[in-house]
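Please read the structure below before turning to the comments.
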Amino acid sequence: MVGERLPENMPLQELLSQARAELLATTKLPMAVDFMLSELLHGGAFAPAMDRLKHYFAPFQAFLIREAESERGRFDFRMAMVILQREAEYRSSEPSPQGLFLYQFESLCRNRLSYDRGMAAMAGDSVYDEAWRDWILEVRRQVGLIDLADMIYVRSEHFWARQARRTDEPVEPTRPILFGDKEGKIALANRRKDPLYFFAALQRHLNYPSVPRPQPIDESKHLLPQALRRLERLEARIKLLEEEQRGGIDITKFYNPHGPFPQDS
1031 MVGERLPENM PLQELLSQAR AELLATTKLP MAVDFMLSEL LHGGAFAPAM
1081 DRLKHYFAPF QAFLIREAES ERGRFDFRMA MVILQREAEY RSSEPSPQGL
1131 FLYQFESLCR NRLSYDRGMA AMAGDSVYDE AWRDWILEVR RQVGLIDLAD
1181 MIYVRSEHFW ARQARRTDEP VEPTRPILFG DKEGKIALAN RRKDPLYFFA
1231 ALQRHLNYPS VPRPQPIDES KHLLPQALRR LERLEARIKL LEEEQRGGID
1281 ITKFYNPHGP FPQDS
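Pasting the structure below:
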């Protein structure tokens, strides 16, 4: 609801109050909304409240809102809400660690957010087990030095299957396998390419969730009022020109009849 109504320029405090009223009858979530609303009213931000409500919000979700609320950043709050909405829809279905990781990593990539802080938040998500957390922190240290496709490929079933075919003997993986055979094949095909092409291929072939793109603001609703104001100004100029052609402009009608100062009684 908040993400849908933010483009209407409604105050965030009012949106949270409405959300609380809608949730009041069925869940205990209004207590969390009350806490977030009080943080917003007193501190001007509700990312700190999300950090404390760990049973409702994952660390990565709080990270997105914190980045959107940052005065130094350029991450739009409305885009953060749309990303959170898409992630919540994916979590409510049958989420996999692979799909969630790729969605969160693409969110960092597309919106130019901090990989260091973002991946630290990702590692704190309860969806990931210890093997996944260790690997996410490893990627955090190596991102920018090694391609993501390479890091996924060497942790896939496809990599170890190729190793076994080369030696004609069974090969025991030295590290936990985190990705399947299909992910490994797609990663191998997208090595040394733009990561966005890699994400698009995974979404196309494996139906992983896609990250929302920024949508251009619809300016059409402002065009008619702007056109009307311009027509009014043109009409006023035309009237002045007509008066000038008829023998001069009567500027006395623009005077204040009482003068610049009130007259003494």
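Add 1030 to the 1-based position in the sequence shown for this note's numbering, that's all there is to it. No residue lacks a Cβ here, since even glycine has one placed at the ideal position from N, Cα and C.
Simplified DSSP assignment, three categories, for residue i
| i | result |
| --- | --- |
| Val1063 | helix |
| Val1173 | strand |
| Ser1068 | helix |
| Phe1107 | helix |
| Ser1144 | coil |
| Ser1186 | strand |
| Phe1090 | helix |
| Phe1076 | coil |
| Gly1214 | helix |
| Ser1240 | coil |
| Leu1083 | coil |
| Tyr1158 | coil |
| Pro1125 | coil |
| Gln1256 | helix |
| Glu1199 | coil |
| Asp1164 | helix |
| Gln1048 | helix |
| Glu1101 | coil |
Buried versus exposed call for residue i [16 or more other C-beta atoms within 10 Å across all chains shown]
| i | result |
| --- | --- |
| Gln1134 | buried |
| Tyr1227 | exposed |
| Arg1142 | exposed |
| Ala1194 | exposed |
| Met1066 | buried |
| Gly1129 | buried |
| Gly1148 | buried |
| Leu1258 | exposed |
| Ile1113 | buried |
| Pro1349 | Because the chain in this structure spans residues 1031 to 1295, residue 1349 falls outside the shown range and cannot be described. |
| Glu1101 | exposed |
| Glu1069 | buried |
| Gly1301 | Lying outside 1031 to 1295, the shown extent of the chain, residue 1301 is not represented and no answer is given. |
| Leu1132 | buried |
Proximal residues to residue i (C-beta, below 7 Å), its chain only, five neighbours per side dropped
| i | result |
| --- | --- |
| Arg1163 | Ala1153 |
| His1072 | none |
| Ser1295 | Only weak support exists for where Ser1295 lies, its pLDDT of 45 falling under 50; the value from the coordinates is given anyway. Within the same chain, Ser1295 has no close Cβ partners at all. |
Cβ-based neighbour list, residue i, same chain, cut-off 8 Å, excluding 5 preceding and 5 following
| i | result |
| --- | --- |
| Arg1185 | Trp1165, Arg1205, Pro1206, Ile1207, Leu1208 and Phe1209 |
| Leu1175 | none |
| Asn1237 | none |
| Asn1220 | Ala1179, Tyr1227, Phe1228 and Ala1231 |
| Lys1223 | Ala1179 |
Among the options, the one whose alpha carbon lies nearest that of residue i
| i | options | result |
| --- | --- | --- |
| Ser1126 | Gly1148, Ala1151, Asp1159 and Phe1105 | Asp1159 |
| Glu1097 | Phe1076, Asp1064 and Glu1069 | Phe1076 |
| Arg1116 | Arg1243, Ala1179, His1085 and Arg1234 | Arg1243 |
| Ser1156 | Arg1263, Pro1089, Pro1225 and His1235 | Pro1089 |
| His1188 | Ile1216, Gln1172 and His1235 | Ile1216 |
| Ala1191 | Lys1212, Gln1172, Leu1178 and Asn1237 | Lys1212 |
| Phe1087 | Glu1069, Ser1068, Ala1118 and Leu1070 | Ala1118 |
| Asp1064 | Ser1047, Pro1078 and Gln1245 | Ser1047 |
| Gln1245 | Gly1074, Asp1106 and Pro1078 | Asp1106 |
Neighbourhood of residue i by C-beta distance below 6 Å, restricted to the same chain and skipping five residues each side
| i | result |
| --- | --- |
| Val1241 | Glu1136, Ser1137 and Arg1140 |
| Glu1272 | none |
| Ala1151 | Pro1089, Phe1090 and Phe1093 |
| Ala1161 | Pro1206 |
Beta carbon proximity, residue i to chain B, threshold 8 Å
| i | result |
| --- | --- |
| Arg1192 | The structure shown contains no chain B, having only a single protein chain. |
Counterpart residues of residue i in DSSP-defined beta bridges
| i | result |
| --- | --- |
| Phe1209 | Ser1186 |
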